[in-house]
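Chains as they are written, first to last, in the working numbering: chain A, 1 to 178; chain B, 179 to 508; chain C, 509 to 1002. C-beta atoms are modelled at their ideal positions from N, C-alpha and C, and glycine is treated no differently. Bear in mind the structure is a predicted one, so any value in this text is a computation, not a measurement. Below is one structure; the comments refer to it alone.
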C-alpha cells in the first residue's frame, strides 16, 4: 500500500495544473479501498468455523473501515471535481533539490533497515550519520567526528545505563571468528 | 552478551589476529562452563509476570553461578523468542529461556511454527508454578463447582480471560470440554481489564491466576469455587481442588497451572546443565526464594530435566486437544 | 493523631526524597528520548527496586511515571518527535509554536499544565479514590463501547483543514490496527503469514514513524535552508497567560482524572478528548493546530491528569488500568503488599506515606522540568543538518528497543513514508493515530458486549452511564456536523 501512495506523491506534483490533487487523492484511495475490500479482506481474513453473531466477525471492523474510506474517497474525488481547491504554491525550497541528496537519505534508510543487525547499532549509526551529513554537504571534519562519537556514546548508554540490548553487529563477530 | 560489548568487540578483534593459528578457542569452552555471562531470555515484555519472576530467579542465580543478563524478546505470544532459541547459533550455549504455558499453548495457536516445542530444546527445570483459581462474583448464586456445572449445562454462561491463548483462557476451555457445558469465552486485554467485568458480574466465572484474584477473594468480592491444581493450595486451604470438587462432572482429571521453567537449546553443554541444575537446587532451597514465592501465591516447581520434558510433552498434547475442540487450532 | 506521626516517620527519609528526585529526573529524560517511553523506563527500573523499602520503591516508579508523562512533551514540542504516545497531542500545537519562535512558551505551558493537572489528579486520588473506584467498576463492556464512540468523535477536531481527509486517515488507522491475531477467534487477520505482525503493529514505531520521520524526509527532499534558531530565548509564559489558560487546564485535568480512573482507556485518549473540548469551547478555534497555546495546555493537562488517577483503581481495587500500573502492581507484590481494600485496612500508614510522596513528586516535577527545559532546549540551537541525523538515530534505536526486532525499524520507516505522503497531501496524521488506538478498543468492547449479552442488543442501553455517553456522542456529532457546514459556507463565501 505504501508503495502506490509514494508513486502518487510524485504524480500529484506534475498534474497539479490540469487535475486537482483532491480528485486524484480521492481516486487513488477509492481504488485502494476497493482493492482492500474485495481482494485483501476475503483472502487474508479467515472466517472462523463457528461464529455466534455476524457482529463478532473478524471481518466486521476492517470492512467497516474499508467502506468508510471508500465512501469518503469518492466524496473527496467528487468534491474536488465540483469545487477544485485553491492552488497552493510549492515551497521554493522543495524545487531543484539535488537528486544525490535524496539518494543519500534513502541509502541511510536502507542501512538501518537491512544492515542494522549485521553492522550493529554503532556501525549502522555511524554510517547512516555520515551519509546524511554528506547529503547536507557538510565539509567540517569535526562534524564527522561527531558522527562517530554520537552513535557510540548513545549505544553504550542504551546498553549499560538503560539496559536495552542493541545489536553489537554480527559482521564484526564473524570477522573476529576467522 | 550485551554486557561489556565494547570490550568484547575489542578483544574479539585482537583475538581474531591470534586465532588464525589458534583454533582451539572453540574447544576450550567444554571444560569450564560458564565461560561467559548467562543470557536469560524472557519471551514477554518487561514488567509482566514472566519478566518479574525471571528477574528474581536471575538475581538469585547469579549469586551462585555468574552474571545473568535478562533480555526481553516479546512477539507473537512467546514464539518469536522461542524460535530464535531453537535456531541456536553463537552464544546459545549460555542462553536460557523462561518458558511458560505460552510455550505449549502457542504451539497450537500460532501457525507454521518453525520449531518443535520439545525436540529442539534441552529442559533444565520447572522453577515456579502458580495455580489458577475458579472464581465467581461474590454475589453469584453458585457456591460449588457442582452447582455451577449444573447451571452451565442449562444456560449459556460466560468466562473472562486476559486474552486468547493465555493459561487462564485455556483452563476455561478445558473446563468447558470436560464438563460438556456451554461456556462462552469473553476475551479482554490483560487482567486489569478482565477483573472489573468479573467483579461487577458481567461475566459469570473466570479461572484466573492466584495472585490476581487472591486479594478479592479475601475481601469477599469474589468467591473461590476450586483451585486448578490436584491438591489444595496453602493460600486457600478451604478451597477444594477441582478434581475433588468436580467429581462426577468429568473433572476428575482436571489439572492446570501457570508454570514457569528454564529451557535451553538442544545442544546445551552437558556440564552446563549439571552445574545449572545444582545451582537452581541451591537457589530454590534458599530462604530468599522461599520468601519470594508466597508473594505471588506461587509454589516451587518440582520437575527437573527429563521429567520436565515429559511434563511439557503432556501439556502440549493436552492443549493441542483443547485448542482443536475450541476451534483455535491452526 | 499518632497515625500522622507514623506516616511522617515512614515518609520523611532521605531515601524517599532521593527516590522521587531520581525517579522524576529519569522519567523526564527517558520520556523525552524518542522511542523510550515511561512504560519502558518503569519496567527497566523495576528490578532495581527489589532491594529497596516498599515506599521508596514505589515512589521511585511513580516518580518515573509522572516524569515520563511530562518528558514526552519536550521533544514533541522541539523536534516533533513525541517521546510518549500521549504527547502526540501536545505536538499538534506545540511544534508549530516552536517553529514560530515560541518554544520556551510552549515548553513552560506544557510543564505548568502538567504540574497543575498532576496536583488535581493527586487530590482526586487521595480524597475521592473510593468514590471514583465505584464508578470504574460500573464500567462494563457496553459502557466502554459508548465511551469509545464518544472518543471517536474527536477525530473531527484534529482533522486539520479537511474533515473528509481526516476521516479517511482514521479509517486507514483502524485498518492498520486490525492487523494481527483475532482477539476472539485467534484467526489471522491481514498478517500475510508474517510472524512479526501476529501481535499487532507495535505502537512506538508507528508513533515515531508517523510524526518524527516525515520531518527528516521533508528536510532531505528540500534544499538546505539556512538554520533558523527555534528560539529558546523567546518569551516565557506570563502569569497573565497562565491565568487565561487555567480554565482549560482544570477541565483537562478533570477529563484526565475520569479517564484515568477507568481502567484501560489511557492517557492518549484523555489528551485528545481534552484537546477537542478546548477547541470546541475556545474563542480562538481557528488557531488550533497552528500553534495555539491553549491546545498545548489542554493536551498536557489531559495526559498528566491521568497519572495520579490511574493509581485509583490500582490502590483501591488492585486493578491496574494500564501497563505502567500493572508494573507498579508487580512492585507491590514483590514487597509482599497486595493493593486493594485490604491494603487500606492493613497498611494505612504506608498508603498515606505514598500519598505524601506522590504530592511531593508533583513539586519536584516543577524543578526538574525547568532544568530539563533549560538543557533540552539547547537542541533547538543545533542546526538541522546535524540534529536530524542524530534524531533519526535515536528513533531507530528506540524502535528497535521495543521488541528487539529489526522488523520494527522497517515498520517505522514505512510509517515515516506514509506520514510524509500525508504531509504533502494535506492529510492530518493525528486521526490515523486515533483510529489506530481506538479501533481495537471499539471492536473489543463491541464484541465483549455481544458475547456477554448472547446477542441481545438491548444491553447497549442498559443503564444511566450508557445513556450519558450516548447523549455525549450524539451531541458531539451534531456539533461537529454543524461546524463543518458553517466552515464550508464561510469557505464558499470567502
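Item                                                                                                                      : Value
For residue 51/A, the three-state DSSP class (helix, strand or coil)                                                      : coil
Distance, residue 445/B Cα to residue 711/C Cα                                                                            : 36 Å
Residue 50/A versus residue 959/C - alpha carbon distance                                                                 : 13 Å
Under 8 Å (Cβ pairs) to chain C, residues found in the stretch 331–351 of chain B                                         : 334, 336, 341, 342, 343
Residue span of the alpha helix (DSSP H) that contains residue 248/B, given as start and end                              : No alpha helix (DSSP H) contains residue 248/B, which is instead part of the beta strand (DSSP E) from 246–250.
Nearest-angstrom Cα separation, counted from residue 218/B out to residue 211/B                                           : 16 Å
Proximity test, Cβ basis, 8 Å: residue 901/C and chain A                                                                  : yes
Residues near residue 201/B by beta carbon distance below 6 Å, same chain, minus five either side                         : In this prediction, residue 201/B has a pLDDT of 38, which is less than 50 and means its spatial position is unreliable; what the coordinates show is noted afterwards. Once the five neighbours on either side are set aside, residue 201/B has no close Cβ partner at all.
Residue-chain proximity (residue 958/C, chain A), Cβ-Cβ < 8 Å                                                             : yes
Where residue 931/C falls: helix, strand or coil (DSSP)                                                                   : helix
Cβ-Cβ distance between residue 611/C and residue 742/C below 8 Å                                                          : yes
From 392/B, 245/B, 436/B, residue whose alpha carbon lies closest to that of residue 407/B                                : 436/B
First and last residue of the uninterrupted beta strand (DSSP E) at residue 404/B                                         : 400–405
Burial state of residue 262/B, where buried means 16 or more other Cβ atoms lie within 10 Å                               : buried
Close-in-space but distant-in-sequence residues of the same chain around residue 650/C (CB under 7 Å, 5 per side omitted) : 957, 967, 968, 970, 974
Residue environment, residue 669/C, which counts as buried when at least 16 other CB atoms sit within 10 Å                : exposed
Cβ neighbour criterion (16 or more within 10 Å) applied to residue 702/C                                                  : exposed
Whole runs of the alpha helix (DSSP H) within the stretch 713–769 of chain C, excluding any shorter than 4 residues       : 747–769
Residue 95/A (DSSP reduced to helix, strand or coil)                                                                      : coil
Pairwise C-alpha distance: residue 707/C and residue 476/B                                                                : 28 Å
Of the residues 243/B, 275/B, 245/B, 312/B, the one placed nearest residue 229/B, counting alpha carbons only             : 275/B
Helix, strand or coil at residue 696/C according to DSSP, with G and I counted as helix                                   : strand
Own chain, CB closer than 8 Å to residue 357/B, minus 5 neighbours either side, in chain order                            : 327, 330, 331, 424, 427, 428, 429
Any C-beta of chain B under 8 Å from that of residue 703/C                                                                : yes
Option nearest residue 391/B by Cα separation, candidates 380/B, 376/B, 381/B, 382/B                                      : 376/B
Residue-chain proximity (residue 759/C, chain B), Cβ-Cβ < 8 Å                                                             : no
N-terminal and C-terminal residue of the beta strand (DSSP E) that residue 437/B is part of                               : 435–443
Backbone CA spacing between residue 812/C and residue 625/C [nearest angstrom]                                            : 6 Å
Residue 83/A burial status per 10 Å Cβ neighbour count (16 or more: buried)                                               : exposed
Meets three-Cβ-pair contact criterion under 8 Å: the stretch 473–489 of chain B and the stretch 289–309 of chain B        : yes
Spatial distance of residue 290/B from residue 507/B (CA atoms)                                                           : 11 Å
Minimum C-alpha distance to residue 942/C - residue among 655/C, 654/C, 677/C                                             : 677/C
Rounded separation between residue 776/C and residue 936/C - CA only                                                      : 17 Å
Cα-Cα separation between residue 471/B and residue 272/B, rounded to whole angstroms                                      : 26 Å
CA-to-CA distance, residue 845/C to residue 414/B, given in whole angstroms                                               : 17 Å
Close beta carbons around residue 858/C, own chain, < 8 Å, minus the five adjacent residues each side                     : 518, 562, 563, 845, 851
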